[in-house]
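To start, the structure under review is shown below, and the notes come after it.
Residue numbers (full-length UniProt numbering): 1 to 309.
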């Protein structure tokens, strides 16, 4: 799934981390590639297992990949004063993950990826409605343009709207809520700590819905699940590292590389491709989200300048 839960707003640089845009771009492109590969694996394994069960094994094996590091540094390294925020973030992340895994197994991968780009737009709306942040007319206009891009991608007709589209949009809303909750986690805690806590909280949470659809996986499917856990853990680490090196707003353009990466995988593997209007809609969504990020960055710079003055 897309790991927008780690996209903190504003500068995400720590001590000694500033001024590394090229390295941050490298990590962000790597994250986009790992996530695209992981989504293709989800689609492949869904031929045998229910998406909810795949969510559980994805978190289980991700946690297992983190256990050697946890054992090496000791539990003291994981001390945090934000356990409640981690738990809340994990709950909303679980909802986002369940919806995402379900969506990518029931709709074309490029379309799902394009729709996931609306998450920053929902973040803007949520910040205004629930955090009392000032969102001016131009940013609201960008949100409306992005939603218009969604309509271009899905192009609803007179028939009933595909329920999978609604599940996909629920994923975007849940991911946006997660982002609003954890804007500071990637900067206050280390990269490994952020990812480790996600596994520690999410694995037992994800077991509950998986039990309702449980089937023991074959050894072949189990191998794919292990690989999936490793690939998506690498994607999380790479994205979190990128946001430690550079502001999230500067990294957003590189996140859109997920779409061409996904398209290059979906066509030969599953025979899926977006039509021209799908790419047009994706471009509209991306442009509106990039404008929103630009306005966020400009506002942040203005606030810092005012504070210095």
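For glycine and all other residues, C-beta sits at the position ideal for the given N, C-alpha and C.
Distance, Cα to Cα, residue 102 vs residue 168?
8 angstroms
If I measure Cβ to Cβ from residue 277 and keep anything under 8 angstroms in the same chain, skipping five residues before and after, which residues do I get?
152, 153 and 155
Inter-residue Cα distance where the pair is residue 265 and residue 232
16 angstroms
Apart from the five residues on each side of it in sequence, which residues of its chain come closer than 6 angstroms, Cβ to Cβ, to residue 95?
174
DSSP state of residue 47 mapped onto helix, strand, coil:
coil
Among 217, 163, 140 and 145, which one has its Cα closest to the Cα of residue 104?
163
Less than 8 angstroms between the beta carbons of residue 235 and residue 38, yes or no?
yes
Excluding five sequence neighbours on each side, which residues of the same chain lie with their C-beta closer than 7 angstroms to the C-beta of residue 192?
69
Could you check if residue 338 is buried or exposed, using at least 16 other CB atoms within 10 Å of its CB as the buried criterion?
Nothing about residue 338 can be read from this structure; the chain reaches only from 1 to 309.
State the Cα-Cα distance for the pair residue 59 and residue 291, rounded to the nearest angstrom.
33 angstroms
Residue 244 (DSSP reduced to helix, strand or coil)
helix
Pairwise C-alpha distance: residue 54 and residue 210:
8 angstroms
What's the C-alpha gap between residue 218 and residue 141?
50 angstroms
Collapsed DSSP secondary structure at residue 262 in the structure displayed
helix
Please return the same chain residues whose Cβ sits closer than 7 angstroms to the Cβ of residue 90, not counting the five positions on each side in sequence.
198, 201, 202 and 205
Considering only their Cβ atoms, is the gap separating residue 93 from residue 178 smaller than 8 angstroms?
yes
Between the Cα of residue 251 and those of 259, 239, 82 and 261, spot the shortest distance and give me the residue it belongs to.
239
Report the option in 22, 21, 20 and 30 whose CA atom is closest to the CA atom of residue 255.
30
Just reading off the alpha helix (DSSP H) that residue 105 is part of, what are its end residues?
83 to 106
Buried or exposed by the 16-neighbour rule on C-beta atoms within 10 Å, applied to residue 150:
buried
With a Cβ-Cβ cutoff of 8 angstroms, do residue 289 and residue 121 count as a contact?
yes
Kindly indicate which residue of 97, 215, 110 and 139 has the alpha-carbon position closest to the one of residue 273.
110
Mapping DSSP to helix, strand and coil, what is residue 111?
helix
Out of 258, 244, 305 and 88, point me to the one whose CA is closest to residue 116's CA.
258
State yes or no: is the C-beta of residue 242 within less than 8 angstroms of the C-beta of residue 24?
yes
So residue 284 and residue 143 are supposed to be a Cβ contact under 8 angstroms. How far apart are they, rounded?
About 12 angstroms; that fails the 8 angstroms criterion.
Determine the contact status of residue 45 and residue 207, defining contact as a CB-CB distance below 8 angstroms.
no
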